[in-house]
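Chains as they are written, first to last, in the working numbering: chain F, 23 to 196; chain G, 5 to 844.
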């Protein structure tokens with residue numbers, strides 16, 4: 023028998039442990055207690071997409087959030103037949119938190135620019151897990167609030183630097 | 005459903021009415037038995053006296069025999085009858101409890117929705133399950149206990165007086181004292197107990213506070229301060245507990261003391277009387293025995309009083325809690341439910357909440373039969389309230405709402421059920437199969453409508469049509485494909501599936517290649533279990549299948565030879581440890597266990613097992629534990645169960661083991677296993693896996709859809725769709741339908757109403773959990789199939805599906821602000837325009 027098989031470390035290089043590490047680095051989950059995080063990491067699934075595949079599709083209510091692990095994906099907004107590429111996402115980008123909280127149709131499509139792998143968390147699973155750890159809810163709400171606030175602060179700072187003013191501000195005031 | 009409607013509601017019945025309504029014959033038998041028992045209890049005393057006075061004293065052997073015989077007979081009779089009393093008491097009590105549980109449940113189900121808004125499900129559960137039990141037990145003993153004991157007391161007391169009136173009066177004199185003293189002491193006990201409960205709560209709060217604030221205590225080093233606070237409470241608790249216990253023992257001691265005083269009185273006075281020759285010795289003995297026997301009935305009466313108090317309190321609490329009246333009669337009396345015209349007329353309809361908030365304010369509209377109306381509006385505008393008033397879930401306070409010219413509030417539930425169907429926002433799916441849930445609304449018709457008028461049960465074709473219309477068809481097909489078939493039950497079907505397997509490989513093999521892990525002799529299958537990877541075949545021999553295999557001596561020997569035993573047990577330990585760590589504290593819901601090799605019930609075994617593994621090395625684990633761990637390892641499949649990774653060396657060892665296994669089992673047990681073979685059906689795998697001759701790598705909906713679509717094409721070509729669908733309809737949806745997704749639950753709810761095909765259809769945001777395509781399809785169906793057949797009121801959450809409705813009602817703060825056709829209202833640039841295009 024191969025002696026290396028006796029080494030318990032071998033079992034630990036598993037997907038669940040990796041998921042746990044990855045989720046801990048996502049702003050939304052960073053402050054969660056380990057018990058809740060473990061369940062979320064366990065309920066995630068890893069998916070692979072070929073270049074050109076849709077990760078998310080505009081108008082669909084897929085009810086999932088994605089954490090990109092590798093590859094690049096292109097965010098696209100389609101309007102009356104016109105496609106507009108908005109930005110690219112890459113490894114460690116976490117996309118679609120809103121879909122974890124409520125059912126809404128996607129406003130954008132996300133298309134794999136290269137072969138892409140990502141971690142998928144579905145809303146139904148997320149809710150089931152949340153129901154088991156009610157103390158986690160305020161932490162999640164706080165994380166979202168901070169995120170929206172920080173995002174808008176940055177936006178305002180940029181506008182003020184460039185002395186450009188648009189009237190679509192105030193998301194943090196919802 | 006057909007019940008006497010004139011009888012009093014169950015919640016207003018007294019506890020004693022259950023005694024009266026119980027089986028009278030049994031009650032009479034009980035009384036008779038009690039009288040005989042009491043008589044049989046007194047006889048031994050008299051015999052005791054006669055044995056001493058007449059037989060022993062006068063040395064008459066024959067009298068001794070006779071009296072002893074009578075004594076024995078009396079003891080036997082009283083024992084047997086005492087048992088009979090218990091039997092009857094149990095029968096009465098359990099019957100009463102069952103009757104109460106039924107009556108209260110039947111009553112609760114008819115209570116208005118409003119009642120449930122204020123009620124915790126847990127409260128209803130504990131009322132029906134626990135609290136009524138005390139009341140039921142009480143009904144069982146309500147007659148037997150007091151009658152028996154009072155009669156016994158009277159009989160013994162009478163007997164005492166008959167023996168010697170003065171002595172009797174003296175020995176019974178203690179009871180008035182007990183009656184005065186005990187209640188006073190008891191009230192002290194109660195007071196002390198109340199204080200004890202309060203201080204205990206204070207103590208719990210303090211502990212809770214310290215635990216939550218432990219960071220602060222450590223940071224500030226305030227150990228002594230917190231200890232002082234805590235210690236003070238503990239001291240107060242100690243004092244009150246001492247007081248409480250002393251009073252409790254006081255009650256007991258006083259009672260015992262007073263009761264043992266009477267023999268003393270009897271000895272001193274009776275002894276004197278016996279010496280002076282006024283009382284025969286036998287009579288004194290009988291007197292003493294009778295006096296001693298007073299204690300038990302006395303105590304039982306006191307206990308009975310206590311349980312009477314408890315039962316009345318809990319019974320009254322339950323009944324008061326549920327003391328509400330249904331808002332509508334369940335079924336009409338003296339006529340079948342109406343077959344109404346499907347036009348709806350609403351005039352000045354208003355609805356307020358209990359606190360007086362007006363949710364509907366003078367709503368008026370009329371909708372001719374067969375026309376469709378969409379109700380849209382801002383949130384909180386009263387859309388859903390309108391739907392709930394129309395289907396009788398809410399009772400409106402003023403105005404009129406009429407179906408077929410009859411006022412809804414005067415109709416019975418049966419009238420509504422017969423003519424109307426509703427799909428609610430978040431429909432509930434009950435435990436059972438898809439088929440049972442599909443028939444749920446239709447079967448209700450049978451319970452209301454007279455049997456001859458009952459709608460014929462829907463045919464299979466109708467059911468399939470409903471599944472298709474609601475869009476759950478593919479899901480059900482998918483459930484069917486996930487079923488297991490036994491070759492001998494479906495020999496023809498399995499043959500055909502093998503043929504489809506061939507077609508699938510040649511037609512779709514290329515396009516779905518990276519979604520499927522095909523069964524391949526020489527490769528490790530990450531989406532199959534370790535067991536399947538070793539055996540690479542199936543068996544129906546019980547000793548070689550399932551969890552028996554981990555105990556099977558032949559298989560264990562093989563594992564040792566192949567060098568697999570040790571690493572597999574180690575793998576099993578890791579699987580068990582991780583699974584228990586992640587899932588150990590979670591409720592047994594299907595969604596958590598989808599990706600776990602251990603099922604919820606297994607945790608009972610594996611939680612203590614992993615505890616043991618923490619304390620001792622794996623090598624020292626018991627044989628039984630090692631079997632369990634082996635079993636966990638054999639069920640592990642790395643592609644699905646992500647809590648552990650399969651070590652690469654073990655993987656290649658298993659692959660080598662596969663060849664060895666096949667070789668040795670073919671020699672030793674040639675007929676036990678059938679190995680995976682492209683030309684053979686695999687009964688241990690699902691139908692789908694048999695078609696694929698492999699397993700899907702991803703459970704992601706998109707991947708599933710892609711493969712299902714290909715499989716379905718082939719099923720259609722082979723005319724197997726209906727067969728698989730029938731299998732799929734037997735899928736168990738789980739408690740609350742939790743094995744279905746939100747979308748599937750909503751589709752199933754739509755399907756069951758489409759199957760019922762009501763004249764009036766109310767859709768309350770009925771498609772909100774569906775994807776765009778499904779929404780559009782159902783909208784299409786409403787427009788093309790149901791227009792003209794059914795009157796439809798659709799509370800719409802989205803504005804892009806309402807264009808083709810005959811009428812659109814736009815609601816704002818409880819009123820209908822606009823009513824008309826889509827184009828007409830948009831042109832008006834009023835509320836609908838504002839909703840669609842936003843405030844300008």
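Backbone N, C-alpha and C fix where the C-beta goes; we use that ideal spot for every residue, glycine too.
Check your understanding: Are the C-beta atoms of residue 840 of chain G and some chain F residue less than 8 Å apart?
Key -> no
Exercise for review: Pick out whichever of G/59, G/116 and G/26 has its Cα sitting closest to the Cα of residue 146 of chain G.
Suggested key: G/26
Point to revise | Interfacial residues, the region 503 to 527 of chain G to chain F, with Cβ spacing under 7 Å | key: none
**Study point:** Where residue 446 of chain G sits in the DSSP three-state scheme
**Key:** helix
Review point. Helix, strand or coil: how does DSSP classify residue 814 of chain G here?
Key: strand
Exercise for review: Can you tell me which of G/694, G/829, G/139 and G/509 puts its alpha carbon nearest to the alpha carbon of residue 323 of chain G?
Suggested key: G/139
Review point. Do residue 353 of chain G and residue 391 of chain G have their C-beta atoms closer together than 8 Å?
Key: no
Exercise for review: Rank F/51, F/39 and F/86 by C-alpha distance to the C-alpha of residue 145 of chain F and give the top, closest one.
Suggested key: F/86
Check your understanding: Between residue 417 of chain G and the rest of its own chain, which residues show a CB-CB distance below 6 Å, the 5 nearest in sequence each way excluded?
Key -> 332 and 334
Review point. Using 8 Å as the limit for Cβ to Cβ distance, is residue 53 of chain F near chain G?
Key: no
**Study point:** Those runs of the beta strand (DSSP E) which lie wholly inside the region 745 to 817 of chain G and span at least 3 residues
**Key:** 764 to 768, 795 to 799 and 811 to 816
Check your understanding: Going along the region 563 to 592 of chain G in order, which residues come within less than 8 Å of chain F, judged by CB to CB distance?
Key -> 567, 570, 571, 574, 575, 578, 582, 585, 586, 587, 589, 590 and 591
Review point. Does the beta-carbon of residue 166 of chain G have 16 or more other beta-carbons within 10 angstroms, so that it is buried, or is it exposed?
Key: exposed
Check your understanding: Within 8 Å (strictly less), CB to CB, does residue 196 of chain F reach chain G?
Key -> no
**Study point:** Beta-carbon proximity list for residue 44 of chain G, same chain, < 6 Å, skipping 5 on both sides
**Key:** 78, 81 and 82
Review point. If you follow the alpha helix (DSSP H) that residue 133 of chain F is part of, which residue opens it and which one closes it?
Key: That residue, residue 133 of chain F, is in no alpha helix (DSSP H); its beta strand (DSSP E) goes 131 to 134.
**Study point:** Alpha carbon of residue 573 of chain G to alpha carbon of residue 702 of chain G, nearest angstrom
**Key:** 28 Å
Review point. Is it buried or exposed for residue 248 of chain G, if we count other Cβ within 10 angstroms and need 16 for buried?
Key: buried
**Study point:** Neighbouring residues, chain G, relative to residue 191 of chain F (Cβ below 8 Å)
**Key:** Under the 8 Å cutoff, chain G gives no residues; its nearest Cβ is about 17 Å from residue 191 of chain F.
Check your understanding: In this structure, what does DSSP give as the bridge partners for residue 120 of chain F?
Key -> The partner list for residue 120 of chain F (beta bridge, DSSP) is empty, contrary to what the question assumes.
Check your understanding: If you drop the 5 nearest sequence neighbours on each side, which residues of the same chain put their C-beta closer than 6 Å to that of residue 269 of chain G?
Key -> 174 and 175
Exercise for review: Identify, in the order they occur along the chain, each residue of the same chain with its Cβ nearer than 7 Å to the Cβ of residue 45 of chain F, setting aside the five sequence neighbours on each side.
Suggested key: 51, 59, 62 and 63
Review point. Taking the C-alpha atoms as reference points, what is the distance between residue 53 of chain F and residue 161 of chain F?
Key: 7 Å
Check your understanding: Should residue 201 of chain G go down as buried or exposed, given a rule of 16 or more other Cβ atoms within 10 Å for buried?
Key -> exposed
**Study point:** Where the beta strand (DSSP E) through residue 366 of chain G begins and ends
**Key:** 362 to 371
Review point. By DSSP, does residue 140 of chain F sit in helix, in strand, or in coil?
Key: strand
Check your understanding: Taking DSSP as the reference, what is the three-state secondary structure of residue 352 of chain G?
Key -> strand
Practice item. Would you identify the three-state DSSP class for residue 476 of chain G, choosing helix, strand or coil? Key: coil
Exercise for review: Taking a Cβ distance cut-off of 9 Å, strictly less, list which residues of the region 704 to 723 of chain G are near chain F, in chain order.
Suggested key: 704, 705, 706 and 707
Exercise for review: Find the residues of chain F that neighbour residue 314 of chain G, judging by a C-beta separation of less than 8 Å, and give them in chain order.
Suggested key: By Cβ distance, chain F contributes nothing, its closest Cβ being about 35 Å from residue 314 of chain G, past 8 Å.
Practice item. Write down the C-beta distance between residue 444 of chain G and residue 434 of chain G rounded to the nearest angstrom, noting that I regard them as a contact closer than 8 Å. Key: 7 Å
Practice item. Pull up the distance between the alpha-carbon of residue 13 of chain G and that of residue 826 of chain G, whole angstroms please. Key: 49 Å
Practice item. Using a Cβ cut-off of 7 Å, pull out every chain F residue sitting near residue 775 of chain G, in sequence order please. Key: 82 and 83
Point to revise | Environment of residue 50 of chain G [buried if 16+ CB atoms lie within 10 Å] | key: buried
**Study point:** residue 70 of chain F in three-state terms, based on DSSP
**Key:** strand
**Study point:** residue 779 of chain G beta carbon less than 8 Å from that of residue 805 of chain G
**Key:** yes
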